[in-house]
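A.B. asks: Okay, handing you the structure first.
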Amino acid sequence: MRLSPWPQSLFGRLLAASVAAVLLAHTAGLFLIAQERERFVLQGSVREWARRIAETTLVLQPLAPAERAAAVARLSAAPEPLHMPHMPAGAPGHPGGARERGFVHLPLLSDFERTLKDQVRSALGPAYAVEVSATPEPAPPAIAVPVPFFEAHELAAHQGSARRYDVSVRPADGEALLFRVTRMPEGAPLPRHLFANLALLVLILVIVLYVAARNITRPLSELARAAHSVGRDARPAQLEERGARELREAARAFNTMQDRLRRYLDSRTRVLAAMSHDLKTPLTRLRLQVETLDNPPMQERIGRELDEMEAMVREALSLFRGSEDGEPPVPVDLNALLGKVREEFTGMGQQVTVAGRTVQPLTAKPQALKRCLTNLVANAAKFGARADIVVEDGPVIAIRVRDRGPGIPAQELERVFEPFYRLESSRNRDSGGTGLGLSIARDIAQAHGGSLTLSNPPGGGLEAALLLPRQR
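Taking our numbering, I'd label the letters of the sequence shown as residues 931 to 1402.
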């Protein structure tokens, strides 16, 4: 059996699709939030860098060349903001400290160099030539510009992977000033509590979706079980009309269909019962008149005809009555039932054997089940010389009735279950029968939630396989 990763039930598919949609929506939302946050931090950082570079440049511009060179040397000699020595391991600001774990970074790329260049040029004006490039190795002396929006422990945690850029600002009549900015390499930091909040939201949505999907699929499951019970239970229970409007309408339509079908079957059964009762009177008169005949051969021949007519009426009524016999299901000992059937046939001189046993009783209608087994054994004994019954216990009990007759052509294995259909065209009951025994047996098997099939075994003969599930 091939396993599919996609659920096969409607409930599973609804829940899986809903959860997948929620996860995709939250993933997309998280990406958009991170992107917007990164854009905000980047733009704010660029504006702050541009402001500080412009202020520093405007402050240094009026100085004399010697004073400017000395000021630039002092500013360039200051340590960069990322260099934070003497921080003990495990401290809140240390790369392995607890506070750094409160942030999760997403790798988002932006056109950083062009944006920074435009901001600095906008802050200084067209009189200054601005160039932005990645810091080469070894890095030349430059004025370090502090990193805004990031705390010291964040800067220390990423001092080995941060990206550095050199900003060259050249006045129209002066020497170029070199500034150095540091960009965090992984975009804007996202607090971990945001992920916890999103996980809690997803959990709540999954619970709500589970309840909603169950409310949708439970009435459908009940409808499927009720549909399976049609033709098996004599009086199936009415479906409860609940759920959404479409589900209530479906349950109402199914209940209406059940009522119409039950009324039709009741009327048909009453008509046939009345016909059977009405036919008994003329048949009884005919039998009495036959007894007055002085011709014994004629008496015997007409008596057989009357017996056949009575049997046909009785079996036809049994067929059309179906599961409407009113017999309640009870635990049935199949071993005792099969033993009783065997005794009845062996008492009539037939050869019937039983092999195999069941461990536990089966909940069934005993009289109906006995009628089914009797029909199968009678067919095997009549057309196959003997009946060998094999019982296989399990979740589905298999009762196989085998004979040693000529079998049935493959194209006729299903047609013989049709009412009044006989392989032999003879009207003689001893040879052809009425053609109702197998139809009645299959109806009883289906009323018990099982099945009845015929097959031709390789060794010859015919096998009737009656399968009865323990749990209907």
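Ideal Cβ placement from N, Cα and C applies to all residues, glycine included. These numbers come from a predicted model, not from an experiment.
Does the region 1316–1335 touch the region 1379–1395, meaning 3 or more C-beta pairs lie closer than 8 Å?
C.D. replies: Contact holds: three or more Cβ-Cβ distances are below 8 Å.
A.B. asks: From the DSSP output, read off the bridge partner residues of V1097.
C.D. replies: Residue mapping note: residue 1097 aligns to position 167 of the sequence shown, counting from 1. In the DSSP output, where bridge partners are listed per residue, V1097 has V1062, F1109.
A.B. asks: Going by Cα to Cα distance, which pick from P1259, R1316, T1276 is closest to P1291?
C.D. replies: In the sequence shown, the residue the question calls residue 1291 occupies position 361. If we check each option's Cα against that of P1291, P1259 comes out closest.
A.B. asks: So what's T1222 in DSSP terms, helix, strand or just coil?
C.D. replies: If you number the sequence shown from 1, residue 1222 lands on position 292. Coil.
A.B. asks: Going by beta-carbon coordinates alone, are V1289 and D1323 separated by less than 8 Å?
C.D. replies: Taking the sequence shown and counting its residues from 1, the one referred to as residue 1289 is at position 359. Taking the sequence shown and counting its residues from 1, the one referred to as residue 1323 is at position 393. Cβ distance < 8 Å, so V1289 and D1323 count as in contact.
A.B. asks: Please identify the residue among Y1095, K1295, T1293, D1318 whose C-alpha is closest to the C-alpha of G1286.
C.D. replies: Taking the first residue of the sequence shown as 1, we reach residue 1286 at position 356. Minimum Cα distance to G1286 is reached at D1318.
A.B. asks: Measure from the alpha carbon of G1269 to the alpha carbon of each residue in G1279, L1303, V1243, then state which is nearest.
C.D. replies: Within the sequence shown, numbered from 1, the residue matching residue 1269 stands at position 339. Comparing Cα positions, the closest option is L1303.
A.B. asks: Using alpha carbons as the reference points, say which of L953, P1349, A1181, R1122 lies closest to V1136.
C.D. replies: As a position in the sequence shown, residue 1136 is number 206, starting the count at 1. Of L953, P1349, A1181, R1122, the residue nearest in Cα terms is L953.
A.B. asks: Is the beta carbon of V1077 less than 8 Å from the beta carbon of T1045?
C.D. replies: Within the sequence shown, the letter at position 147 stands for residue 1077. Within the sequence shown, the letter at position 115 stands for residue 1045. In this structure, T1045 does not lie closer than 8 Å to V1077 by Cβ.
A.B. asks: Just confirm the distance between the C-beta atoms of A1311 and Q1280, as a whole number of angstroms; I'd bet it's less than 8 Å.
C.D. replies: Position 381 of the sequence shown holds residue 1311. Position 350 of the sequence shown holds residue 1280. So it is a contact: roughly 4 Å between Cβ atoms.
A.B. asks: The alpha helix (DSSP H) spanning S1381 covers which residue range?
C.D. replies: In the sequence shown, counting from the first residue as 1, residue 1381 sits at position 451. Unbroken run through S1381 is the beta strand (DSSP E), 1381–1385; no alpha helix (DSSP H).
A.B. asks: Taking buried to mean at least 16 other C-beta atoms within 10 Å of its own C-beta, is Y1095 buried or exposed?
C.D. replies: The residue you call residue 1095 lines up with position 165 of the sequence shown. Burial call: buried.
A.B. asks: Using DSSP bridges, identify the partner residues of T1283.
C.D. replies: Here residue 1283 refers to the residue found at position 353 when the sequence shown is read from its first residue. In DSSP, T1283 forms a bridge with D1318.
A.B. asks: Which of the three DSSP states, helix, strand or coil, is assigned to H1016?
C.D. replies: Taking the first residue of the sequence shown as 1, we reach residue 1016 at position 86. No answer about H1016 holds up, because its pLDDT of 37 lies below 50 and its placement is not dependable.
A.B. asks: Taking the DSSP output, what are the residues bridged to I1370?
C.D. replies: Here the question's residue 1370 lines up with position 440 in the sequence shown. Its beta-bridge partners do not exist; DSSP assigns none.
A.B. asks: Among the residues of its own chain, which have a CB less than 8 Å from the CB of R1316, if the five just before and after it don't count?
C.D. replies: One-based indexing of the sequence shown puts residue 1316 at position 386. Around R1316: Q1280, Q1281, V1282, T1283, A1310, D1333, R1334.
A.B. asks: Shorter than 7 Å, the distance from the beta carbon of L1392 to the closest heavy atom of the ligand SAM, or not?
C.D. replies: Absence of the ligand SAM from the depicted structure is noted, as is the absence of any ligand whatsoever, leaving it without description.
A.B. asks: Let me know if R1372 comes out buried or exposed under the rule of 16 or more other beta-carbons within 10 Å of its beta-carbon.
C.D. replies: On the sequence shown, position 442 is the one that residue 1372 refers to. R1372 comes out buried.
A.B. asks: Do A984 and A1074 have their C-beta atoms within less than 8 Å of each other?
C.D. replies: The residue given as residue 984 occupies position 54 in the sequence shown. The residue given as residue 1074 occupies position 144 in the sequence shown. It is not a contact, given that the beta carbons lie outside the stated cut-off.
A.B. asks: Helix, strand or coil, according to DSSP, for R1215 in the structure here?
C.D. replies: Position 285 of the sequence shown, counted from the start, is the residue given in the question as residue 1215. Here R1215 sits in helix by DSSP.
A.B. asks: Going straight from the alpha carbon of E1381 to that of E1342, what length do you get?
C.D. replies: Stepping through the sequence shown from its first residue, residue 1381 is reached at position 451. Stepping through the sequence shown from its first residue, residue 1342 is reached at position 412. A small fix is needed here, since residue 1381 is Ser in this sequence, not Glu. When rounded, the distance between both Cα atoms is 18 Å.
A.B. asks: Closest to A1294 by C-alpha separation, out of N1305, L1264, L1306, would be which residue?
C.D. replies: Counting from one through the sequence shown, the residue named residue 1294 turns up at place 364. For the residues N1305, L1264, L1306, the minimum Cα distance to A1294 belongs to L1264.
A.B. asks: Report yes if the CB atom of L1153 is closer than 8 Å to the CB atom of F1184, and no otherwise.
C.D. replies: Numbered from 1 along the sequence shown, position 223 holds the residue referred to as residue 1153. Numbered from 1 along the sequence shown, position 254 holds the residue referred to as residue 1184. For L1153 and F1184, yes; Cβs fall inside 8 Å.
A.B. asks: Report the residue from L940, R1400, G959 whose alpha carbon sits nearest the alpha carbon of N1127.
C.D. replies: Stepping through the sequence shown from its first residue, residue 1127 is reached at position 197. Among L940, R1400, G959, the Cα nearest to that of N1127 belongs to G959.
A.B. asks: Which residues bound the alpha helix (DSSP H) around T1045?
C.D. replies: Taking the sequence shown and counting its residues from 1, the one referred to as residue 1045 is at position 115. Note, T1045: alpha helix (DSSP H), 1042–1054.
A.B. asks: Taking the alpha carbon of L1133 as the reference point, which residue from A1069, H956, I963, P1296 has its own alpha carbon closest?
C.D. replies: Here residue 1133 corresponds to residue number 203 of the sequence shown, with the count starting at 1. Among A1069, H956, I963, P1296, the Cα nearest to that of L1133 is on H956.
A.B. asks: I'd like the list of long-range same chain contacts for F1313, defined as Cβ closer than 7 Å, with 5 residues on each side in sequence excluded.
C.D. replies: For the purposes of this step, residue 1313 is taken as the residue at position 383 of the sequence shown. Excluding sequence neighbours, F1313 sits near D1333, G1335.
A.B. asks: Identify the continuous alpha helix (DSSP H) that holds E978 and give its terminal residues.
C.D. replies: What you label residue 978 is simply residue 48 of the sequence shown in a count that begins at 1. Residues 940–990.
A.B. asks: Can you tell me the Cβ-Cβ gap for V1097 and V1062, rounded? I've got them flagged as a contact below 8 Å.
C.D. replies: As a position in the sequence shown, residue 1097 is number 167, starting the count at 1. As a position in the sequence shown, residue 1062 is number 132, starting the count at 1. With 8 Å as the limit, V1097 and V1062 qualify as a contact, their Cβ atoms being about 5 Å apart.
A.B. asks: On a Cα-Cα basis, can you pick out the residue from Y1194, R1244, E1344 that is closest to K1210?
C.D. replies: In the sequence shown, counting from the first residue as 1, residue 1210 sits at position 280. Comparing Cα-Cα distances from K1210 to each of Y1194, R1244, E1344, the minimum goes to R1244.
A.B. asks: Is DSSP giving P1261 helix, strand or coil here?
C.D. replies: For the purposes of this step, residue 1261 is taken as the residue at position 331 of the sequence shown. Residue state, collapsed to three classes: strand.
A.B. asks: Under 8 Å, do R998 and L990 count as touching if we go by C-beta distance?
C.D. replies: As a working mapping, residue 998 is identified with position 68 in the sequence shown. As a working mapping, residue 990 is identified with position 60 in the sequence shown. Yes. Within cutoff.
A.B. asks: Around the Cβ of G1367, are there at least 16 other Cβ atoms within 10 angstroms (buried) or fewer (exposed)?
C.D. replies: On the sequence shown, residue 1367 is found 437 positions in, with the first residue counted as 1. Buried, because 16 or more other Cβ atoms sit within 10 Å of the Cβ of G1367.
A.B. asks: Looking only at C-alpha atoms, which of A946, L962, M1114, A1102 sits nearest to L972?
C.D. replies: Your numbering for residue 972 matches position 42 in the sequence shown. Closest by alpha carbon: M1114.
A.B. asks: Output the distance between the C-alpha atoms of F1033 and I963, rounded to the nearest integer angstrom.
C.D. replies: The sequence position of residue 1033 within the sequence shown is 103, counting from 1. The sequence position of residue 963 within the sequence shown is 33, counting from 1. Only weak support is given to the placement of F1033: the predicted model assigns it a pLDDT of 46, under 50, and the value that follows is read from those uncertain coordinates. Distance between the alpha carbons of F1033 and I963 is about 14 Å.
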